[in-house]
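Peer 1:
Residue numbers (the numbering used here), protein chains in the order written: chain A, 19 to 420; chain B, 16 to 89.
1) Less than 7 Å between C-beta atoms, sequence neighbours within five positions excluded: which residues of the same chain meet that for residue 378 of chain A?
2) For residue 433 of chain A and residue 180 of chain A, what's the separation of their Cα atoms in angstroms?
3) Strictly below 8 Å CB to CB, what residues from chain B border residue 306 of chain A?
4) Can you tell me which of A:357, A:82, A:39, A:393 puts its alpha carbon nearest to the alpha carbon of residue 374 of chain A?
5) May I ask you to list the residues that DSSP assigns as paired with residue 70 of chain B?
6) Would you report the Cα separation of residue 204 of chain A and residue 242 of chain A, rounded to the nearest angstrom?
7) Roughly how far, in whole angstroms, is the beta-carbon of residue 99 of chain A from the beta-carbon of residue 55 of chain A, given that I think they are within contact range, below 8 Å?
8) List the DSSP bridge partners of residue 110 of chain A.
9) Tell me where the beta strand (DSSP E) around residue 424 of chain A begins and ends.
10) Put residue 282 of chain A into one of helix, strand or coil per three-state DSSP.
11) For residue 407 of chain A, list the residues DSSP reports as bridge partners.
12) Would you verify that the beta carbon of residue 18 of chain B is, or is not, closer than 8 Å to some beta carbon of chain A?
13) So, with DSSP's three-state summary, where would you put residue 100 of chain A?
14) Residues in the same chain with beta-carbon distance under 7 Å from residue 20 of chain A, minus the five sequence neighbours each way, listed in chain order, please.
15) Any Cβ of chain B within less than 8 Å of the Cβ of residue 188 of chain A?
16) For the alpha helix (DSSP H) that residue 61 of chain B lies in, which residues bound it at each end?
17) Using three-state DSSP, classify residue 139 of chain A as helix, strand or coil.
18) Is residue 170 of chain A helix, strand or coil by DSSP?
19) Would you call the CB atoms of residue 284 of chain A and residue 251 of chain A closer than 8 Å?
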């Protein structure tokens, strides 16, 4: 059993500090040049840059602080770049990490991976594999979406989530594959070919989540590029992050920046369609209502027209006409009668004025022979003894001629 | 109608609206378009409401033919 206070037992901090000192007293390690390929390069908002220098067998963590970067004329660092870095080796105690604290960096030309990338890209471009004319339009409303990716990947979950939200009507057929490692390129190509062989797929997404350039490398291999090019079904690529470009991106019919973006590009957003359905339903109802209103109005008009033509209406009209005519007739008759009676009165007056009675009234008399009622106007008409009647104003006087 | 895809039903719905918009048609025909359109709208709605993303996966069977099997999420 060890005593905790024995000098032979060190705390982690003590050991770390010791190792750190050991490294820092070594003069060679305090000003050293290391050559390798940059990978996993990240610049934080603080301005500090972190990356790994690697070669075929080993890797070394590197920190390139902002002040050092600004002071040196370092090139813009990117993954795959071959560089020689100058700095000091020390231990980052918190993480127990041996690091190169970089003072300056010299580029050694493009890295091997980057070179291969550029060569393949140039060759395939010359072949016309990236031509715009080769790009096929994506189906507006795919019902089956093929996905080529790893079944375990977070990328798949992300894509399924997007598809479920945007277009739950769709059907997904996963063609599982490795997405990194030596066997990945052939596996990805096979998975693509398999979906084409199956055939019943409208669009294919080839995807992988973010990672280092080595992890994404399978998508820069020629077999993958060829498989995408020969796919009869349009292909969307969604590999890595926004800043990652792979050969697969160039060959694909549509390049999406991430798996999520690829899923978004693959299907329409049904919520907008739902709104359209509602709008159409509304329009239908409005159109039908206005149509019915128009018809009702037309019907009312026709009804009025019909009523005007009905026998009853005619009869009423005739009855009224009859009334009017009768009234007119009466007026006319009255008029005629009054006209006649007027005329009669005139005649009577005239007659009256001519009447002998008037003369009699003035003192004249009419004498008649009783025998024949003849008016006696001469002495020769009567003889003595004839009975005569003398008519005066107020009566008759019977007399005898002497 | 049950055999229509959403897209087909939606296209027919649009056609019904266009036909009704045209206006000059007998009432019976207008009613037909209206009822058909309403049914289609209902159908579209229902499809969306009921829809649930179906996920399957491909596997090569013993004869080397790709077959579709249910996808088991990990």
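Backbone N, C-alpha and C fix where the C-beta goes; we use that ideal spot for every residue, glycine too.
Peer 2: In short, the structure shows the following:
1) Position 360 of the first chain, counted from the start, is the residue given in the question as residue 378 of chain A. Contacts found: 384, 409, 410, 411.
2) No answer is possible for residue 433 of chain A: the residues shown for chain A start at 19 and end at 420.
3) On the first chain, residue 306 of chain A is found 288 positions in, with the first residue counted as 1. What residue 306 of chain A touches in chain B: 35, 45, 46, 49.
4) Residue mapping note: residue 374 of chain A aligns to position 356 of the first chain, counting from 1. Ranking A:357, A:82, A:39, A:393 by Cα distance to residue 374 of chain A puts A:393 first.
5) Taking the first residue of the second chain as position 1, residue 70 of chain B is located at position 55. DSSP lists A:190 as partners of residue 70 of chain B.
6) Position 186 of the first chain holds residue 204 of chain A. Position 224 of the first chain holds residue 242 of chain A. C-alpha separation (whole angstroms): 7 Å.
7) Counted from its first residue, the first chain places residue 99 of chain A at position 81. Counted from its first residue, the first chain places residue 55 of chain A at position 37. Rounded, the Cβ-Cβ distance is 7 Å, consistent with contact.
8) Within the first chain, residue 110 of chain A is the residue found at index 92, counting from 1. Bridge partners of residue 110 of chain A: A:115.
9) This structure leaves residue 424 of chain A out entirely; chain A is present only between 19 and 420.
10) The count along the first chain starts at 1 and reaches residue 282 of chain A at position 264. It is helical.
11) Position 389 of the first chain, counted from the start, is the residue given in the question as residue 407 of chain A. DSSP output for residue 407 of chain A lists A:386, A:416 as bridge partner(s).
12) Position 3 of the second chain, counted from the start, is the residue given in the question as residue 18 of chain B. So, not an interface residue.
13) Along the first chain, read from residue 1 onward, the residue named residue 100 of chain A stands at position 82. Residue 100 of chain A: strand per DSSP, three-state reduction.
14) Along the first chain, read from residue 1 onward, the residue named residue 20 of chain A stands at position 2. Its pLDDT being 49, under 50, residue 20 of chain A is placed unreliably by the model, and nothing is read from it.
15) Along the first chain, one-based indexing puts residue 188 of chain A at 170. So yes, residue 188 of chain A belongs to the interface.
16) Against the second chain, residue 61 of chain B aligns to sequence position 46. Element bounds for residue 61 of chain B: 42 to 65.
17) The residue given as residue 139 of chain A occupies position 121 in the first chain. Helix, per DSSP.
18) Within the first chain, residue 170 of chain A is the residue found at index 152, counting from 1. Coil, per DSSP.
19) Locating residue 284 of chain A in the first chain gives position 266, where the first residue counts as 1. Locating residue 251 of chain A in the first chain gives position 233, where the first residue counts as 1. No, these two residues do not count as a Cβ contact at 8 Å.
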